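In what follows, a structure is listed as structure tokens, so that the remarks can point back to it.
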Amino acid sequence: MEDKKIKVEVRNLTKSFGNLLVLDNVSFEVFDGEFLCIVGPTGCGKTTFLNSLTKLYDIDSGSITVDGEEINPRKHNLAYIFQEYSTMEWLKVQENIEYGLKIKKFSPEAIKQRTDIVIQMVGLDKYRNYYPSQLSASMLQRVVIARAFAIQPDLLLMDEPYGQLDLTLKYKLEDELIKMWERQRTTVLFITHNIEEAVYLSDRIIVLTNKPTKIKTEIINNLPRPRKVSDLEFVKLRNQVTDLIKWW
Amino acid sequence: MDNQGKIKIQCGHLHKTFHAKNRKQDEVNEVIRDFNLQVRENEFVVLFGPGQCGKTTILNILAGLEEKNSGTVVVNDIEVTGPRQDRGMVYQTTALFPWLKVIDNVAFGPKMQGMKHSDWKKKAQYYIDLVGLTGFEKTYPVKLSGGMQQRVGIARAYCNDPEVIFMDEPFGHLDAQTRYLMEEEIEKICNGEKRTVVFVTNNIEEAIYLADRIVLLTNTPTHVDKEYVVDIPRPRDYTSPGFLALREEITARIDTTNL
Amino acid sequence: MFFPNPIEVLTYFVHTLTHKIGKYNLTMHTLFSLKRVAVGFGLSSLSGIILGVAMGYSKTINAIVRPLFNIIRPIPGLAWIPLAILWFGIGETTKYFIIFMGGFANIVLNSYDGTVKVNPVLEGAARLLGANDVQVFFHVILPSATTYIFAGLQVSLSTSWMAVLAAEMISSYEGAGWIINMGMQTGDTTLILVGMVAIAIVGFLLANIMRILERGLCSWTIRGR
Chain A
0 MEDKKIKVEV RNLTKSFGNL LVLDNVSFEV FDGEFLCIVG PTGCGKTTFL
50 NSLTKLYDID SGSITVDGEE INPRKHNLAY IFQEYSTMEW LKVQENIEYG
100 LKIKKFSPEA IKQRTDIVIQ MVGLDKYRNY YPSQLSASML QRVVIARAFA
150 IQPDLLLMDE PYGQLDLTLK YKLEDELIKM WERQRTTVLF ITHNIEEAVY
200 LSDRIIVLTN KPTKIKTEII NNLPRPRKVS DLEFVKLRNQ VTDLIKWW
Chain B
0 MDNQGKIKIQ CGHLHKTFHA KNRKQDEVNE VIRDFNLQVR ENEFVVLFGP
50 GQCGKTTILN ILAGLEEKNS GTVVVNDIEV TGPRQDRGMV YQTTALFPWL
100 KVIDNVAFGP KMQGMKHSDW KKKAQYYIDL VGLTGFEKTY PVKLSGGMQQ
150 RVGIARAYCN DPEVIFMDEP FGHLDAQTRY LMEEEIEKIC NGEKRTVVFV
200 TNNIEEAIYL ADRIVLLTNT PTHVDKEYVV DIPRPRDYTS PGFLALREEI
250 TARIDTTNL
Chain C
0 MFFPNPIEVL TYFVHTLTHK IGKYNLTMHT LFSLKRVAVG FGLSSLSGII
50 LGVAMGYSKT INAIVRPLFN IIRPIPGLAW IPLAILWFGI GETTKYFIIF
100 MGGFANIVLN SYDGTVKVNP VLEGAARLLG ANDVQVFFHV ILPSATTYIF
150 AGLQVSLSTS WMAVLAAEMI SSYEGAGWII NMGMQTGDTT LILVGMVAIA
200 IVGFLLANIM RILERGLCSW TIRGR
């Protein structure tokens, strides 16, 4: 892995609430274009982890750098996809996707070009002028994904975006996510409680401990894509991760 | 699969249409079309289907909480016309009474039927212990985690001694790991106290892990697409070859019929 | 003096706690006002909750009462003063009536809301567990309406407290409202302010007592750590 370029570097991240230590000296890096999954046991402080990473919380100590510079939402392109479909109800599909680009002050031509590309990629070309309320759950999620990919983020953060979805739909959206990622090679950091999902999506899995959260271990996942959940190798890896986490 | 078992639920040619009054026109939404189901005593049947299909509506009709348009529903030899205490329900979102402590939630049924204080207390305690909530008797539901709330819901349904228990995606809002735990727990409880259960889910792993028989439903208007008898020995392993093979078979079936 | 200094007001305030203004000392005056609120507010709470819950529970009752109620509702309690005086004279009944009208509408509306907004899933759950109509009413509908009812009571208590002062300023020989009126008539700004301080303190205490009561009765709504 030495030849890989480091995109994001997290060093000695520590965070506590009062006397309660939540993140205990967490260090790891995300390589350029990598799909990194982070899994931990239920109640491992997943949200705190994410919020500290994006500096939504002030961290007690440690550093987070993107391309060697301290992380800065104004300067670096960070995109988030959470469980809630965070579309803007009053904007049409196309306007929702353009929104992020406008904020980043792209030229009108660049906005049009990028929007066209992602809107086709997620297959919503026919729905450009629909409002979110007219779309199904899967389409909404695709709008959110398209919006995130349109700004070609340095880092795409995903917090269990498919947690509450129907399984069939979930698999479909996971495949779509992988397709987008393979095309654009965006660096993705995906946090989940779902072990099978982590094994299905990732290049590498970081396993967290219970609170205070530390990194227990990391596992390289080079199963060939497209993956199949019933393949022997897949099952082996899934069981390996499960054994590391299992508390139930 | 004892085919000799007594028939507990007999549901034939069930139809249900919702009429939504719109400003411009009457919207007619056919949710269930010719749904048939037969469940034998102590059988664990899983109704498995895509997101928006009428699974919850079917359960509500079986329980007598919603009215049907046509068809017959007989539960426990009685034609269903309204809610009755011989049927229990565990809900999607925990429908616990937030103003009652755990023990009073669990004992709600027996209390309503006028059971003596010492008797309902003993009984509720038994089921609280069974679902692993010993020590939380005096806690209000809001203070419990999602998984614990569902345990209370399960204990409450069991404590009322129903002949048939309906479970409507009880673990849908839990995270993947807590879900595994609850699936193991419910299997243990069902092993300890045999009941007739109809369980609704859209999670294929959950369906195979729990079911004696899986009834695959179609999109709306919902009816039965196919049935699968699950004879993998218990306790089941999510990653055993038999489990994965069945999972693949059902997933493939959904892909060809729904997408 | 246009505006007396605070120390003067405070000294006078402490002094009058035990020394008479008119027929009684300040403590007694305040207790008179409180008694009026207790009667008026008590009556409006009791009848308001019963009417509101009945309207929420029975569509027929709602259909009958609602039109009448909709006419009365926007009229502030104080607007009833002239009518009340004509009807009941200037005795205690008038004051009770004004206080009653000040809080009534809010309590009815909130009780109605709470009753109507009961979660149908909970009602179904109770029926499946064998509860009959009466049991559903007392074990599901009433408890789930409590938070709403309390919100109504809280607002109504403060309007009742306002109404008692208005009633006393118009016609009475005792009460916190009378003190203010007295101060105005004699040009004694210090006395006016003493009355106002007493009103503020009592209003503050009443609001807090309600809050404590709610915390006790609706403890199940408080999330744990």
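First to last, the sequence lines map onto chains A, B and C. Residue 216 in numbering that gives the first Met the number 0 is what sits at position 217 of the first sequence, and the numbering runs on without skipping anything. Residue 201 in numbering that gives the first Met the number 0 is what sits at position 202 of the second sequence, and the numbering runs on without skipping anything. Residue 180 in numbering that gives the first Met the number 0 is what sits at position 181 of the third sequence, and the numbering runs on without skipping anything. Where is the CB? At the ideal position from N, CA and C, for every residue including glycine. Just so you know, these numbers come straight off a predicted model, no measurement behind them.
Of all Cβ atoms in chain A, is any one closer than 7 Å to the Cβ of residue i?
i      : result
B/E205 : no
B/L216 : no
B/L180 : yes
B/N201 : yes
B/I8   : no
B/I253 : yes
Just to make sure I have the definition right: I need the residues of chain F whose C-beta is within less than 7 Å of the C-beta of residue i. Which are they?
i     : result
B/N75 : The structure shown contains no chain F; its protein chains are A, B and C.
With a cut-off of 7 Å, does the C-beta of residue i fall near any C-beta of chain B?
i      : result
C/A150 : no
A/S229 : yes
C/R214 : no
C/P142 : yes
C/Q184 : no
A/N238 : yes
A/T41  : yes
A/W180 : no
C/Q134 : yes
C/A166 : no
So residue i and residue j are supposed to be a Cβ contact under 8 Å. How far apart are they, rounded?
i      : j      : result
B/L36  : B/D167 : Contact flag wrong, Cβ pair sits at about 15 Å.
A/I218 : A/V206 : 7 Å
C/I37  : C/R72  : For clarity, residue 37 of chain C is Ala in the given sequence; the question names Ile instead. Incorrect: roughly 24 Å between the Cβ atoms, too far for contact.
A/E33  : A/D174 : Incorrect: roughly 19 Å between the Cβ atoms, too far for contact.
B/R34  : B/C10  : Residue identity check: residue 34 of chain B is Phe in the sequence provided, not Arg. The Cβ separation is near 7 Å, so the contact holds.
A/G44  : A/K210 : 5 Å
A/Q133 : A/L172 : Incorrect: roughly 19 Å between the Cβ atoms, too far for contact.
Interface residues of chain B around residue i at Cβ under 7 Å?
i      : result
C/L121 : A94, F96
A/N193 : A175
A/G122 : Per Cβ cutoff of 7 Å: no residues; A/G122 is ~13 Å from chain B at best.
Strictly by DSSP, which residues pair up with residue i?
i      : result
C/N24  : C/K19
A/T216 : A/V206
B/V223 : B/L216
B/K15  : B/I31
A/K235 : None; A/K235 has no bridge partner.
In chain C, which residues lie less than 9 Å from residue i when you measure between Cβ atoms?
i      : result
B/L132 : Those within 9 Å of B/L132 in chain C number zero; the least Cβ separation is about 15 Å.
B/N159 : L127, L128, G129
Which residues of chain B have a Cβ atom closer than 8 Å to the Cβ of residue i, listed in chain order?
i      : result
A/V234 : T238, L243
A/N76  : Simply none; closest approach about 29 Å.
A/G99  : None at all; the shortest Cβ gap to chain B is about 28 Å.
Using a C-beta to C-beta distance shorter than 8 Å, which residues of chain C count as neighbours of residue i?
i      : result
B/Y125 : The premise fails here: B/Y125 is roughly 17 Å from chain C at the closest Cβ pair, so nothing lies under 8 Å.
B/M111 : A125, L128, G129, A130, N131, Q134, H138
B/Y90  : V120, A124
For a contact defined as C-beta to C-beta under 9 Å, what are the partners of residue i on chain A?
i      : result
B/E247 : K227, V228, S229
B/E183 : W247
Any idea if residue i is buried or exposed, counting beta-carbon neighbours within 10 angstroms, 16 or more meaning buried?
i      : result
A/S62  : exposed
A/R73  : exposed
C/V13  : exposed
A/M87  : exposed
B/G152 : buried
C/I225 : No information on residue 225 of chain C is available, as it lies outside the stretch 0 to 224 that chain C covers here.
B/K110 : buried
B/E226 : exposed
B/P234 : exposed
C/K94  : buried
A/S85  : exposed
Any Cβ of chain C within less than 7 Å of the Cβ of residue i?
i      : result
B/F107 : yes
B/L61  : no
B/P82  : yes
B/L36  : no
B/L129 : no
B/L64  : yes
Name the chain A residues whose beta carbon is nearer than 7 Å to that of residue i?
i     : result
B/G50 : D165, L168
Using a C-beta to C-beta distance shorter than 7 Å, which residues of chain C count as neighbours of residue i?
i     : result
B/R86 : L127
B/L58 : Here the premise fails: no neighbours, minimum Cβ distance about 11 Å.
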